[in-house]
Amino acid sequence: MIVCVAVVGHQNNPVYIQSFTEADDALKLHHIVHCSLDVVDERVNNPKKSGPTLNETFLGLLYPTENYKVRFHSAYVDAVSNPFHVPGKKITSRTFAERVSNIVKSFGLSSAG
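Position one of the sequence shown corresponds to residue 190 (the numbering used here), numbered consecutively onward.
Okay, structure coming up:
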């Protein structure tokens, strides 16, 4: 189920966050996104020299997800290619937000829109 979409900038900052749940969950999802960024940053800055542990052998999602990834990427490229968009700043395009919502709805698992 897609409950949140986030785009992360080069400086590990969220440039776009949209949740697809009840309003009460939005703050919780923002917190989860920020915590996720901390985990990614920790792994990038502290690579382990030893063999993989049980947690590091996680393969992630094991079914095809390429279609919506390509659609998200296309929407992102169109948004940041806008001459009025300032690189590194939050994405405020209504068109981008609508495209993200449509992708989530077409995935068929959004509980709200």
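Cβ atoms here follow ideal geometry from the backbone N, Cα and C, with glycine treated the same way.
Let me make sure I understand the geometry here. Which of 294, 192, 205 has the alpha-carbon closest to that of residue 211?
As a working note, residue 211 is residue 22 in the sequence shown. It is 192 whose Cα lies nearest to the Cα of residue 211.
So is residue 275 buried or exposed if we call it buried at 16+ other beta carbons inside 10 Å?
The sequence position of residue 275 within the sequence shown is 86, counting from 1. Looking at its Cβ environment, which holds fewer than 16 other Cβ atoms inside 10 Å, residue 275 is exposed.
Just tell me which of 231, 205, 269, 257 has its CA closest to the CA of residue 219.
To locate residue 219, count along the sequence shown from 1; it is residue 30. Among 231, 205, 269, 257, the Cα nearest to that of residue 219 is on 205.
Is the distance from the Cβ of residue 229 to the Cβ of residue 197 below 9 Å?
On the sequence shown, position 40 is the one that residue 229 refers to. On the sequence shown, position 8 is the one that residue 197 refers to. Taking 9 Å as the cut-off, the Cβ atoms of residue 229 and residue 197 count as close.
Nearest to residue 233 by alpha carbon, out of 295, 269, 292, 199?
The residue labelled residue 233 in the question sits at position 44 within the sequence shown. Per the Cα distances, 199.
Does the CB of residue 290 have a neighbour CB from chain B at under 9 Å?
Structure shown: chain B not included; a single protein chain is present.
What is the DSSP secondary structure of residue 266, counted as helix, strand or coil?
Taking the sequence shown and counting its residues from 1, one reaches residue 266 at position 77. Helix.
Alpha carbon to alpha carbon, how far is residue 288 from residue 267?
Indexing the sequence shown from 1 puts residue 288 at position 99. Indexing the sequence shown from 1 puts residue 267 at position 78. Distance between the alpha carbons of residue 288 and residue 267: 10 Å.
Going by beta carbon distance, what residues of the same chain come within less than 6 Å of residue 280, once the five residues before and after it are set aside?
The sequence position of residue 280 within the sequence shown is 91, counting from 1. Same-chain partners within the cutoff: 204, 205, 268.
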